[in-house]
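J.:
Protein chains: 2
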Amino acid sequence: MNAFSETDNLANIVEIDDASDSRLDDIRNLNKSDSRPDLPGGKGLVIAEGNLIVPRLVRSRFPLRAIFGTPSKLAVLADALSTEEAKIAATVPWYSLSREIMAEAAGFDLHRGLLASADRAPELSPAEVYRGAKTLALLEGVGDHENIGALFRNAAGMGVDGVLFGAACADPLYRRSVRVSMGHVLTVPFATLEGTTTTWQRSLQELKDEGFRTVSMTPSGTVNLWDAMDTEKVAILVGAEGSGLTEHAMAATDVRARIPMSAGTDSLNVATSAAIAFYERLRAIAG
Amino acid sequence: MNAFSETDNLANIVEIDDASDSRLDDIRNLNKSDSRPDLPGGKGLVIAEGNLIVPRLVRSRFPLRAIFGTPSKLAVLADALSTEEAKIAATVPWYSLSREIMAEAAGFDLHRGLLASADRAPELSPAEVYRGAKTLALLEGVGDHENIGALFRNAAGMGVDGVLFGAACADPLYRRSVRVSMGHVLTVPFATLEGTTTTWQRSLQELKDEGFRTVSMTPSGTVNLWDAMDTEKVAILVGAEGSGLTEHAMAATDVRARIPMSAGTDSLNVATSAAIAFYERLRAIAG
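Protein chains in written order, with our numbering: chain A, 118 to 404; chain B, 118 to 404.
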């Protein structure tokens with residue numbers, strides 16, 4: 118499959134040989150772009166890197182803006198896109214540039230040699246995320262971009278239908294989260310619950326009314342994880358590494374579940390304990 | 118509990134105010150020490166960082182050499198050590214130094230302000246690791262220090278008795294592995310199986326003779342993970358991220374087990390899939 122032969126749109130490839138060209142602004146100073154208030158939403162664009170993730174951005178709900186790559190990487194991408202993806206990709210410019218020009222614009226060497234930019238899509242409402250869902254993940258205070266990325270990767274891999282954010286979580290569309298998630302922050306729907314650090318928990322009632330069993334993951338849980346996942350709908354709550362879920366959040370859930378840990382060891386990394394809960398949920402549905 | 122009041126050995130604290138002092142050689146240029154062939158085993162010393170991990174090094178099988186810290190961090194450590202740990206720690210020098218001197222010697226700023234060094238202990242034999250064990254992890258081709266560290270952390274937390282290395286794995290005692298493992302590369306016994314990349318698999322027969330069911334973790338598994346963990350002894354095999362276990366290794370195991378993944382997603386990170394297998398094993402024993 119070839120983006121160009123399919124679409125007859127070869128004219129979209131534009132060569133750029135000057136790093137200061139304004140058409141490279143989407144990928145300029147990438148390490149800093151998420152803090153640039155002049156960009157949409159004050160949070161920067163959505164940036165995808167490499168031949169695994171760029172196609173996921175292309176077919177996501179995020180409006181594609183442009184594709185940037187070395188000539189060879191653009192050719193690989195064109196071959197890798199499905200017919201449907203190629204049609205979308207052909208609606209935006211493809212900028213062909215050397216690895217050096219790309220590094221100069223981005224501010225560091227991009228080993229993968231391929232980038233795509235997209236606008237932030239309008240945020241989904243919580244109801245758009247939980248309606249029709251059987252399994253949700255709900256995060257409180259997870260401030261680490263890599264943990265958020267890993268959580269989305271595992272959510273996508275093990276059939277979690279959506280992710281909800283309570284208070285104090287990091288931006289899932291930050292470039293590092295996109296990369297660590299393998300692009301699945303773009304494919305798994307997410308929304309932010311309304312409220313402050315001490316009021317967002319009221320939204321849990323909404324989930325309960327929708328039939329979700331709300332399960333707090335905590336080392337101090339009163340039931341084993343494997344006894345908590347067998348209802349039709351489940352929302353799995355995980356908290357910040359170290360501090361965990363707030364008591365306020367746990368008190369608002371139906372059950373506190375634990376992974377029994379060996380004496381003298383620490384609680385698991387938040388993405389790891391969530392992955393185990395997703396697995397247990399998958400097992401409960403499939404087993 | 119106080120290391121000094123317990124042991125009457127306050128004289129062990131030595132102040133150092135010159136970064137070139139040879140007594141700081143154990144922590145000099147830490148980013149490079151693992152490649153220094155002049156150090157024991159050609160692989161450098163074992164270095165632990167911070168008040169969570171240093172006590173684990175103190176009570177480990179690795180012979181403690183010295184402790185380095187800012188005055189306040191040494192005081193916190195002294196309070197945190199158990200009586201038994203304090204006795205061991207009192208047999209080595211405690212070097213008190215400023216954060217600046219520590220940074221100058223180590224080559225970068227150590228946020229935790231506390232380090233300890235130890236010699237590499239003699240390597241254990243595979244039999245020393247599997248004798249008496251009920252659950253083992255066996256790694257092939259896992260070259261990433263963070264994945265190895267995370268795997269040991271999860272192994273310790275979920276009751277895995279030991280770790281065996283097939284060919285082509287990274288050094289578990291590298292500083293970053295020690296840190297990511299939360300010090301559990303020092304507490305969970307490990308050994309390397311003899312042989313090359315294509316011959317180490319013969320050792321699997323030895324494990325089978327000892328009564329272990331050998332289970333390959335692979336997305337192409339023929340049974341679900343939850344149907345593979347219910348024998349008295351289990352050895353869980355995981356391979357490199359991306360390529361996974363070699364066919365040679367999988368062919369030598371009793372069963373190939375899968376975590377069923379959603380369509381259009383990638384296999385899980387090796388430390389994550391191992392963590393899920395450890396959980397399933399824990400569940401099989403406890404449930």
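Each residue gets a CB set at the ideal place from its N, CA and C atoms; glycine is no exception.
#1: Is B:P306 close to chain A? Criterion is C-beta to C-beta, closer than 9 Å.
#2: Along chain A, which residues have their Cβ under 8 Å away from the Cβ of B:I393?
#3: Considering Cα atoms alone, identify which of B:A238, B:N146, B:L198, B:A207 is closest to B:I170.
#4: In the DSSP assignment, the alpha helix (DSSP H) including B:L191 goes from what residue to what residue?
#5: Less than 6 Å between C-beta atoms, sequence neighbours within five positions excluded: which residues of the same chain meet that for B:G338?
#6: Where in the stretch 199 to 271 of chain A do unbroken runs of the beta strand (DSSP E), each at least 3 residues long, occur, reported from the N-terminal end onward?
#7: Pick from B:M219, B:L268, B:D344: whose alpha carbon is nearest that of B:D142?
#8: With a threshold of 8 Å on Cβ separation, who are the neighbours of B:A250 within its own chain once the five nearest residues in sequence on each side are excluded?
#9: Which runs of the beta strand (DSSP E) spanning at least 3 residues fall entirely within the stretch 281 to 313 of chain B, listed in chain order?
#10: Quick check on B:K149: buried or exposed, where buried means 16 or more other Cβ atoms within 10 Å of its Cβ?
#11: Closer than 8 Å between beta carbons: that is the criterion. Which residues of the stretch 248 to 277 of chain A meet it against chain B?
#12: Under the assumption that A:F179 contacts A:D236 (Cβ atoms under 8 Å), give the Cβ distance between them as a whole number of angstroms.
#13: Could I get the ranges of all uninterrupted alpha helix (DSSP H) runs contained in the stretch 331 to 394 of chain B, with 4 residues as the minimum, in chain order?
#14: Can you have a look at A:E358 and say buried or exposed, based on whether 16 or more other CB atoms are within 10 angstroms of its CB?
#15: Give me, in chain order, the residues of the same chain whose beta-carbon lies closer than 8 Å to that of B:S106; leave out the 5 immediate sequence neighbours on both sides.
#16: Could you check what DSSP says for A:V277 in three-state terms: helix, strand or coil?
#17: Please check if any C-beta of chain B sits within less than 9 Å of the C-beta of A:N129.
#18: So, at 7 Å on beta carbons, what are the nonlocal neighbours of B:P172 in its own chain, with the 5 sequence-adjacent residues on each side left out?
#19: Would B:L253 and B:L324 be called neighbours here (beta carbons separated by less than 9 Å)?
#20: Which residues in chain B have a C-beta closer than 9 Å to the C-beta of A:A285? List them in chain order.
#21: Got a sec, what are the start and stop residues for the alpha helix (DSSP H) B:A170 sits in?
#22: Chain A partners of B:A377, CB-CB under 7 Å?
#23: Whose Cβ in chain A lies nearer than 7 Å to the Cβ of B:N339?
#24: Count the C-beta pairs between the stretch 262 to 271 of chain A and the stretch 178 to 195 of chain A that are closer than 8 Å, then say yes if the count reaches three, no if not.
#25: Touching or not, the stretch 206 to 225 of chain B and the stretch 183 to 192 of chain B, by the rule of three or more beta carbon pairs under 8 Å?
#26: Quick check: the Cα distance between B:L174 and B:G300, rounded to an integer number of angstroms?
#27: I'd like to know if the stretch 290 to 305 of chain A and the stretch 326 to 342 of chain A are in contact, where contact means that at least 3 CB-CB pairs between them fall below 8 Å.
#28: Can you pull the chain B neighbours of A:D383, defined as C-beta to C-beta under 8 Å?
#29: Under the three-state reduction of DSSP, which class applies to A:R409: helix, strand or coil?
#30: Pick from A:E327, A:R182, A:N386, A:T315: whose alpha carbon is nearest that of A:V246?
#31: Between the Cα of B:A207 and the Cα atoms of B:L162, B:E240, B:V131, B:E221, which residue gives the shortest distance?
#32: Let me know the secondary structure DSSP gives B:A403 once reduced to three states.
#33: Using a cut-off of 8 Å between C-beta atoms, extract the partners of B:T389 located in chain A.
T.: Checking against the coordinates, here is how it stands:
#1: Not an interface residue.
#2: The answer, in chain order, is A392, I393, Y396.
#3: Relative to the Cα of B:I170, the nearest Cα in the group B:A238, B:N146, B:L198, B:A207 belongs to B:L198.
#4: Segment 188 to 197, the alpha helix (DSSP H) holding B:L191.
#5: Taken in chain order, the residues that qualify are R373, A374, R375.
#6: Correct list: 211 to 213, 231 to 235, 252 to 257.
#7: The shortest C-alpha separation from B:D142 is found at B:M219.
#8: D278, G279, K350, listed in sequence order.
#9: Runs of the beta strand (DSSP E) inside the stretch 281 to 313 of chain B: 307 to 309.
#10: Exposed: under 16 other Cβ atoms inside 10 Å.
#11: Against chain B - using a Cβ distance shorter than 8 Å - the residues of the stretch 248 to 277 of chain A are A267, R270, N271, A273, G274, M275, G276.
#12: Going by Cβ atoms, the distance from A:F179 to A:D236 rounds to 7 Å, so yes, they are a contact pair.
#13: Uninterrupted alpha helix (DSSP H) stretches at least 4 residues long and entirely within the stretch 331 to 394 of chain B occur at 364 to 368, given in chain order.
#14: Buried.
#15: Outside the shown range of chain B (118 to 404) lies residue 106 of chain B, about which nothing can therefore be said.
#16: In the structure shown, A:V277 sits in coil (DSSP, three-state: anything other than H, G, I, E or B).
#17: Not an interface residue.
#18: For B:P172, the CB contacts under 7 Å within the same chain, skipping 5 residues up- and downstream, are A197, L198, E202 in chain order.
#19: Yes, the pair counts as a contact, with Cβ atoms nearer than the cut-off.
#20: Within chain B, no residue comes near A:A285; the closest Cβ sits about 22 Å away, beyond 9 Å.
#21: The question names Ala, but residue 170 of chain B in the sequence shown is Ile. Residues 167 to 175.
#22: Position check: residue 377 of chain B holds Pro in this sequence, whereas Ala was assumed. At a C-beta separation below 7 Å, B:P377 has these neighbours in chain A: L399, A403.
#23: Residue identity differs from the one stated: residue 339 of chain B is Thr in this sequence, not Asn. Here the premise fails: no neighbours, minimum Cβ distance about 15 Å.
#24: Three or more beta-carbon pairs separated by less than 8 Å are not found between the stretch 262 to 271 of chain A and the stretch 178 to 195 of chain A, which leaves the two stretches without contact.
#25: The stretch 206 to 225 of chain B, when compared against the stretch 183 to 192 of chain B, does touch it at the 8 Å Cβ threshold.
#26: B:L174 and B:G300: Cα-Cα distance of roughly 7 Å.
#27: No, the stretch 290 to 305 of chain A is not in contact with the stretch 326 to 342 of chain A.
#28: Neighbours of A:D383 on chain B, chain order: L169, R270, G274, M299.
#29: The structure shown does not extend to residue 409 of chain A, since chain A is modelled only from 118 to 404, so the question has no answer here.
#30: A:E327 is the residue among A:E327, A:R182, A:N386, A:T315 whose C-alpha sits nearest the C-alpha of A:V246.
#31: Comparing Cα positions, the closest option is B:V131.
#32: Here B:A403 sits in helix by DSSP.
#33: Going along chain A in sequence order, the residues near B:T389 (Cβ under 8 Å) are A267, N271, A388, T389, A392.
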